[in-house]
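Line by line, the protein sequences are chains A and B. Take the first sequence: its letters are residues 1 to 609, numbered as in our numbering. Take the second sequence: its letters are residues 1 to 389, numbered as in our numbering.
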Amino acid sequence: MADRQGASIAGTGSSWLRWRYKLTINWQNPTSLIGVLMTLLFLYLIAVPIISLLHDSVEVQFGDARRTGAEIGAWTSYYFDRVLLSPISRKIFWEPLVNTLSVASGAISISLTIGGLMAWLVSRSDMFGRRWFATALIVPYMLPSWTFALAWRTLFKNREIGGQPGWFESMGFSPPDWLAYGQLPITIILALHYTPFVILLFGNALKRFDSQLEDSARILGAGPGVVARQIILPLMLPSLVSAAVLIFAKCLGEFGVSYVLGLPVNYDVLAISLYRSIASRQAGAAAVLAGAIMLIGILSLLIDARLMREARKFVTVGGKGSMNRASRLGVLRLPATAFAAIIFITGVGLPIIVLLLSTIMRIPGDFSLSNFTLDYWIGRNLEFVGLRSGILLTPELWHAVWNTIFIVGIASIFSGVMGLLVGYVVARSPIRAVAMFLRQVTFFPYLVPGIAFAAAYLSLFSVPRGPIPALYGTSIILILALAADHMPFASRAGISAMMQLGKNPEDAAQIAGAGWLRRMTSVVIPIQKGAFVAGILLPFISGIRGLSLFVILAVPATDVMTTYSLRLLDYDYTQAANAVVVIISAIAYFGTLAAQKLTRTNLAEGLGG
Amino acid sequence: MPDISLVEVNKSFGGSAIKAVSDLSLTIGDGEFMCLLGPSGCGKTTTLRMIAGLENLTSGAISVGDMTVDSIEEGLFVPPEKRGMGLVFQSYALWPHLTVERNTDFGLRLRGIPKQEREERVLHVMQKMGIEQYRDRYPSQLSGGQQQRVALARMLAINPEVLLLDEPLSNLDARLRLEMRAELKRIHSEFGTTVIFVTHDQWEAMTLATSIAVMHEGALQQVGSPDDIYARPANRFVAEFVGSPPINIVEFGSHIQSQLSDLVRDLLAKSGQPRDQAGSIGLRPEKIQLCLSPGQVPDGQFGGSAILVSVLPTGGSWILELDIGGTTLFTTANQPPEFNVGSEIWFYSDWSELHVFDADGNHFPSDNHVAAPAIGNGSDTQKPQRALS
C-alpha cells in the first residue's frame, strides 16, 4: 500500500508507467478489444432494432399525419389506442390474441399428453422398438411445421377456396369448414409438430431420473400410485411446465400453419395480424402488435427461467449411482407399440406420403394409374400460366435455392463465427460487464418470436439511417436478421464449448511461446472445430425451413425456398408448392441427420435455436 | 538461471478487496526445487501463475535475475510466451487435437528450430520420459500417467530454465504418484532445472523439495528446508499443516482446564515467560512414548497418566488415542501396543519436543523450543506426577 501511494504521489511519470503496463497487457491479449467491438456490434444488431420498433409504436408514421392530427415523427398514443382500444382493436388484436391463446393451449395439452406418454414409453418401458421410435418420433420437429398444414390442406380442402379440390372433396365427401380450416386443424398440426419437443425435454428428464429414488420410496412402503404421485410427478413437473411454456412461446410466433389453414376462414392469430399490418403498411400498428407479441414471449420465458431455477434445486438427485430401469408393460406391450406406431404414421408417414403423392397426381384424390405423372417435377408446357414447366425445370426454383443457400449459409457462418467469439470473450474477458452483457444480449432474440424480430428489423432498416442505406429489399437485411436470430443458439454453443475447454490448453500454448493469433489458429480453433461446425450447420438447417423472418423481410428478388412455396400456394399451384415443401423437408431431414453424424451432436441440444 | 524473486507481491481478483496473495516476498535460487505448500485456496497456484505470467500482479514486482518481468510501478510486463519457462498443469492441458509428438514439438516449432534438430530433441525427451512408443497417439488414447509424462515432455522439450509444476501428481493413483515423484527428482538433478512445485500434499513436499514455502490465506508462513519446516515450525499453522497424523495441540487459557496445560503453565512460569501470552502447545505424536508405570518414565522427561481409548492399526504402524483428563492426544507406535484398550498407562516425552505457541499462534519462545528447564533435571521426576495427580 505504501508503495502504491508513493507511486501515485510521484505523479505523471508513474501513471504513465501504469498506463503503459495496461497497454502492454491488452496489446498482447486483445480479448478486451474484441469484447468491446462485439458489444457494439450486437447493440446494433439486436438491441437497436428492438428499440427502433418500440419507438415506432409511439411516433406518428409516414402517411398517418392526418389521421393522428400530428406531424410525422411527433409523439402519439394513436397506435396503442387503435390496436388495443378502438372498435377495430377486436379484429386487429383481441380476437387474434384469443385465437393464439386457444390454439396454443390446445396444442400444449395435446402434445403434453401424447408426448408425455411417448416419452415415458421410449425412455422407461420395454415397448418394442423403442430405440427406433426414439428417433422416428422426433422427425416432425425436423420438418417445417407448415409441411403438415399443406398436407392437411391437400386432404381436406373444400370449395371455400378455389382451385384444385382436396382429396376428400374429389372422392365425394365434402369436409366442413371447421374440419378443413381454422382452429381445429391448426391446433392438431401444432400439437403434432411440438410433440417431439415434449418427448425430448420430458424424456431427458425421465432418463436422468434415478430409479433408486423410486426404490427408496418402495422400500419405505409406498405403492406404485403413491410413488408416481409423490415422487415422480413432483420431480418431473418442472420439465413438463417448461416444455409447455416453450411450446407456448413458439406458438406465439407461429406463422406458416395459420397462413395456410387460417386465412381461408379469416382465423387470424397474432402473427398473421402482424403480417397483415405490415403488408398494409401500417408500421405503427405493426410496432404495437410486435411489441405485444414480444412482451408475451418475454413474460412466458421469464416464467420458464424461474421454473428452471426452481427445478435446478433438484439437480443433485442424479449422481453416480443413478439407475434407469425399464418398466414392464406386460399385456400392454403390443398395444403400446401400436399406439406409438399410429402416432408416427399420423405425425410423419401420412403427411409426407400425401405431399409426395400430391405432386405426382393430376387430379387430387384420383388414384387411377393414368392420373399419375412426373410432369409437375420435370414436365414441359404445363397448363399453368405462370409455371410452364415442372418445378425442377423452373429457373425461379433454382434462384430460390441459390438464395436460400447464399442467405442462410452466410448468416449461419456469420453467427457461427460470432458465437465462438462471444464464447471466447465471455469465457476470457477480464471485463466482467462485457462478458455479462454479451451473454445476455445475444440470448435476447430467443425471447422474441421471429416474426416480431423481423418487424423490428423492418422498422430499423427500411429507411436509410446515418451512413447505412435502406436495406429492405436486399439480401443483407435477411442475412443480418437471420444471423441475429441465430445468436442465442450460436452464443450458447460457443460459451459452453469455451467453458468446457477451459483456459489451460491456451495457457499451455502461451507458456510454450505462442502469441495470441497463434494460440487462436493452432489451439483454440482446431480444438473447437466440432462445436464450430455444429454452430454453423444446425442454424443452417433450421434457417432453411424458417418462414416467419423471410415472410416479412423477403421480396421476390430475395425469394428463398419457403417464401417461394408460399407464393406458389397463393397462385394455387398446389403440386408445385407441395413439391418445393417436399424438397425443403428432405433437405431439413437429411441435413439434420448428416449434421448429427458429422458433429456427433444431438438434436436436443439444438432445440434452443 | 538467475534467481527468481518476488517482492511484496499482491494479487486480488476483479477489484475485490480479498487478497489472493498478500505481501509475498520470496526468492527462489538457481537449481532449487521449491515447493509452494498450503491448503487449497491459499494462493499457491496464483503465485505460480504470476511467476509464469498468466496472471498480472495487483502490486509488487517479479524479477528474474536483474530483469523485471512484471511490475506496474515500472510499467513492465513480459508475457508468458517470452519468459521461457515451462509449466505443467494439474489437468495436464494436453492439446486434444494433436498427437503426442506434435504436442511435444509444439514449442520447438514456434521457436523455428530446424527440422532435424527438432526431431532429435523430441525423440530424446520422449525417450527420457518413456513415451516414444506413443508418439502417434492422441492424448485421449493415453492413461493418466502417460498423459502426465507427455505434459512433462512437452515442457522439457524447450529446455526451460525454470519448470513450474501445478499439482501435477494429484490426478494419479498412489503407485504412479510414487513413481512420478522419483521421476521428478531425477529430472531435477539430470536437467539441472530450477523447479517450482505447487502442492497441498505435505508428504509430496517433504519428499521432493529442497526447500518449502508454506502459504496460508495468501500469506507466506515460513520458508525453509523440509527438516526445518517439520522440526521448527514458525507458527501453529505450519505445525498443524505438516505432519501425519497431525501434531497434538492443547489449548490453554483461563477457561480451558487441562492437566497438560497446567503442566506447561507451571513450566512457563518457571522459565520466566509471561504466561498470559501463551495460547497453545503442540507435541508431535511420534515424540510421545508410553509405559506401564510412572517408574518407567526416564529422568528429565515429563509425563503423566492416560487412558488408552483406541488403537488404529495402519499396517506396519499403529495410531493410539489417549485420554488425558479430558484432552485427547494421538501417538504412534511402530510395534503392536502391549496395552489393553481402556487401561491406564503412562505417557512421557522430552521437554525439548514441546512447541509452545502464543495467543496469535506464533512459535514461542522465539528460539523455537522450550528450553529444557531446570525443573526437569533439578527437582525430581515427581514434578510431572505431582502436576498430573
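From the three backbone atoms N, C-alpha and C, an ideal C-beta is built for every residue, glycine too.
Exercise for the section: Given a cut-off of 9 Å, decide if I247 (chain A) and Y181 (chain A) are closer than it, judged by their beta-carbon atoms. Expected result: Along the first sequence, read from residue 1 onward, the residue named residue 181 (chain A) stands at position 181. Along the first sequence, read from residue 1 onward, the residue named residue 247 (chain A) stands at position 247. No. Outside cutoff.
Exercise for the section: Grab the span of the alpha helix (DSSP H) containing F550 (chain A) for me, first residue to last. Expected result: For the purposes of this step, residue 550 (chain A) is identified with residue 550 of the first sequence, where counting begins at 1. Looking at the DSSP string, the run of the alpha helix (DSSP H) that includes F550 (chain A) is 548-553.
Practice task
Take the Cβ of M436 (chain A) as the centre, count every other Cβ of all protein chains shown within 10 Å, and call the residue buried at 16 or more, exposed below.
Solution key: As a working note, residue 436 (chain A) is residue 436 in the first sequence. Classification for M436 (chain A): exposed.
Problem - Below-9 Å beta-carbon distance, I25 (chain A) vs any chain B residue - result: Looking up residue 25 (chain A) in the first sequence gives position 25. True, the Cβ-Cβ gap to chain B drops below 9 Å.
Practice task
Identify which residue in B:K19, B:L320, B:G218, B:A219 has its Cα closest to the Cα of S310 (chain B).
Solution key: The residue labelled residue 310 (chain B) in the question sits at position 310 within the second sequence. Selected option, being the one with the closest Cα: B:L320.
Practice task
Step through the CB atoms of chain B and report whether any lies within less than 9 Å of the CB of P526 (chain A).
Solution key: Stepping through the first sequence from its first residue, residue 526 (chain A) is reached at position 526. Judged by the 9 Å Cβ criterion, P526 (chain A) is in contact with chain B.
Practice task
Could you tell me which residues DSSP puts in a beta bridge with N362 (chain B)?
Solution key: Sequence index remark: in the second sequence, residue 362 (chain B) carries index 362 (1-based). Answer is B:N235, bridged to N362 (chain B).
Problem - Unbroken stretches of the beta strand (DSSP E), 3 residues or longer, contained in the region 295-359 of chain B - result: 301-313, 318-324, 327-333, 344-350, 355-358
Exercise for the section: Answer with yes or no whether the minimum CB distance from G53 (chain B) to chain A is below 9 Å. Expected result: The residue you call residue 53 (chain B) lines up with position 53 of the second sequence. So yes, G53 (chain B) belongs to the interface.
Practice task
Kindly indicate the opening and closing residues of the alpha helix (DSSP H) around K207 (chain A).
Solution key: Here residue 207 (chain A) refers to the residue found at position 207 of the first sequence. Where K207 (chain A) is concerned, the enclosing alpha helix (DSSP H) stretches over 183-208.
Exercise for the section: At 9 Å on the CB atoms, spell out the chain A contacts of I324 (chain B), in chain order. Expected result: On the second sequence, residue 324 (chain B) is found 324 positions in, with the first residue counted as 1. Those within 9 Å of I324 (chain B) in chain A number zero; the least Cβ separation is about 42 Å.
Practice task
Classify H363 (chain B) as buried or exposed, calling it buried when 16 or more other Cβ atoms lie within 10 Å of its own Cβ.
Solution key: Counted from its first residue, the second sequence places residue 363 (chain B) at position 363. With 16 or more other Cβ atoms within 10 Å, it is buried.
Exercise for the section: Spell out whether any CB of chain A is found under 9 Å from the CB atom of A93 (chain B). Expected result: Here residue 93 (chain B) is taken as the residue at index 93 of the second sequence, counted from 1. Cβ-Cβ to chain A under 9 Å: yes for A93 (chain B).
Exercise for the section: Verify whether the separation of the beta carbon atoms of F33 (chain B) and A209 (chain B) is less than 9 Å. Expected result: Residue mapping note: residue 33 (chain B) aligns to position 33 of the second sequence, counting from 1. Residue mapping note: residue 209 (chain B) aligns to position 209 of the second sequence, counting from 1. Cβ distance < 9 Å, so F33 (chain B) and A209 (chain B) count as in contact.
Handout entry: Distance CB(V417 (chain A))-CB(L438 (chain A)) smaller than 9 Å
Key = As a first step, residue 417 (chain A) must be located in the first sequence, where it is residue number 417. As a first step, residue 438 (chain A) must be located in the first sequence, where it is residue number 438. No, the Cβ-Cβ distance between V417 (chain A) and L438 (chain A) is not below 9 Å.
Exercise for the section: Starting from the beta carbon of G523 (chain A), find every residue of chain B whose beta carbon is closer than 7 Å, and list them in chain order. Expected result: Walking along the first sequence from the start, residue 523 (chain A) turns up at place 523. Contrary to the premise, residue 523 (chain A) reads as Val rather than Gly in this sequence. Chain B residues near V523 (chain A): W95.
Handout entry: Where R111 (chain B) meets chain A, residues with beta-carbon distance less than 7 Å
Key = Position 111 of the second sequence, counting from 1, holds the residue named residue 111 (chain B). Residues of chain A passing the Cβ test: G513.
Handout entry: Coil, strand or helix - A209 (chain B) by DSSP
Key = Indexing the second sequence from 1 puts residue 209 (chain B) at position 209. DSSP places A209 (chain B) in coil when its eight states are reduced to three.
Problem - Minimum Cβ-Cβ distance from L142 (chain B) to chain A less than 9 Å - result: The sequence position of residue 142 (chain B) within the second sequence is 142, counting from 1. Not one chain A Cβ lies under 9 Å of L142 (chain B).
Exercise for the section: In the DSSP assignment, find the unbroken beta strand (DSSP E) run with V69 (chain B) in it and report its ends. Expected result: Here residue 69 (chain B) is taken as the residue at index 69 of the second sequence, counted from 1. First-last of the beta strand (DSSP E) with V69 (chain B): 67-71.
Handout entry: Separation of W16 (chain A) from E8 (chain B), as counted between CA atoms
Key = Sequence index remark: in the second sequence, residue 8 (chain B) carries index 8 (1-based). Sequence index remark: in the first sequence, residue 16 (chain A) carries index 16 (1-based). If you take the alpha carbons of E8 (chain B) and W16 (chain A), they lie about 22 Å apart.
Exercise for the section: Could you pull out every residue in the same chain whose Cβ sits closer than 7 Å to the Cβ of Q575 (chain A), ignoring the five residues on either side in sequence? Expected result: Reading the first sequence from its first residue, position 575 is the one you call residue 575 (chain A). So the list reads S358, T359, Y376, once near-sequence residues are dropped.
Exercise for the section: Starting from the N-terminal side, write out each stretch of the alpha helix (DSSP H) that is 4 residues or longer and does not extend beyond the region 551-588 of chain A. Expected result: 561-570
Exercise for the section: Could you name the residues of the region 403-433 of chain A whose beta carbon sits closer than 9 Å to any beta carbon of chain B, in the order they occur along the chain? Expected result: P430, R432
Problem - Residues near I18 (chain B) by beta carbon distance below 7 Å, same chain, minus five either side - result: To locate residue 18 (chain B), count along the second sequence from 1; it is residue 18. The answer, listed in chain order, is S12.
Problem - Partner residues on chain B for S14 (chain A), Cβ-Cβ distance less than 8 Å - result: Locating residue 14 (chain A) in the first sequence gives position 14, counting from the first residue. The answer, in chain order, is E73.
Exercise for the section: Can you give me the Cβ contacts of H188 (chain B) inside the same chain, cut-off strictly under 6 Å, excluding the 5 residues immediately before and after it? Expected result: Sequence index remark: in the second sequence, residue 188 (chain B) carries index 188 (1-based). Result list for H188 (chain B): F33, V195, in chain order.
Handout entry: Rounded separation between D570 (chain A) and G256 (chain A) - CA only
Key = Along the first sequence, read from residue 1 onward, the residue named residue 570 (chain A) stands at position 570. Along the first sequence, read from residue 1 onward, the residue named residue 256 (chain A) stands at position 256. Cα-Cα distance, rounded: 13 Å.
Problem - Endpoints, the alpha helix (DSSP H) within which K44 (chain B) is located - result: Position 44 of the second sequence, counted from the start, is the residue given in the question as residue 44 (chain B). It spans 44-52 - the alpha helix (DSSP H) in which K44 (chain B) sits, taken as one unbroken run.
Practice task
Check whether the region 72-88 of chain B touches the region 507-521 of chain A, counting contact only when three or more Cβ pairs, one atom from each stretch, lie closer than 8 Å.
Solution key: yes
Practice task
With 9 Å as the threshold, decide whether the Cβ of G502 (chain A) is near any Cβ in chain B.
Solution key: As a working note, residue 502 (chain A) is residue 502 in the first sequence. So, interface residue.
Handout entry: Reduced DSSP category for A93 (chain B) - H, G, I as helix; E, B as strand; rest coil
Key = On the second sequence, residue 93 (chain B) is found 93 positions in, with the first residue counted as 1. It is coil, neither helix nor strand.
Exercise for the section: Within its chain, find whatever has a CB closer than 7 Å to the CB of A65 (chain A); leave out the 5 residues flanking it on each side and keep chain order. Expected result: Against the first sequence, residue 65 (chain A) aligns to sequence position 65. Closer than 7 Å at Cβ, skipping near neighbours: E71, I72.
Handout entry: Cross-strand partners of T398 (chain B) (DSSP beta bridge)
Key = In the structure as shown, chain B begins at 1 and stops at 389. Residue 398 (chain B) is therefore absent and cannot be evaluated.
Handout entry: Extent of the continuous beta strand (DSSP E) to which K82 (chain B) belongs
Key = Start at 1 with the first residue of the second sequence, and residue 82 (chain B) comes out as number 82. No beta strand (DSSP E) holds K82 (chain B); DSSP gives it neither H nor E.
Handout entry: Beta-carbon contacts of I231 (chain A) that lie in its chain and below 8 Å, excluding the five residues immediately before and after
Key = If you number the first sequence from 1, residue 231 (chain A) lands on position 231. So the list reads L213, E214, A217, A222, once near-sequence residues are dropped.
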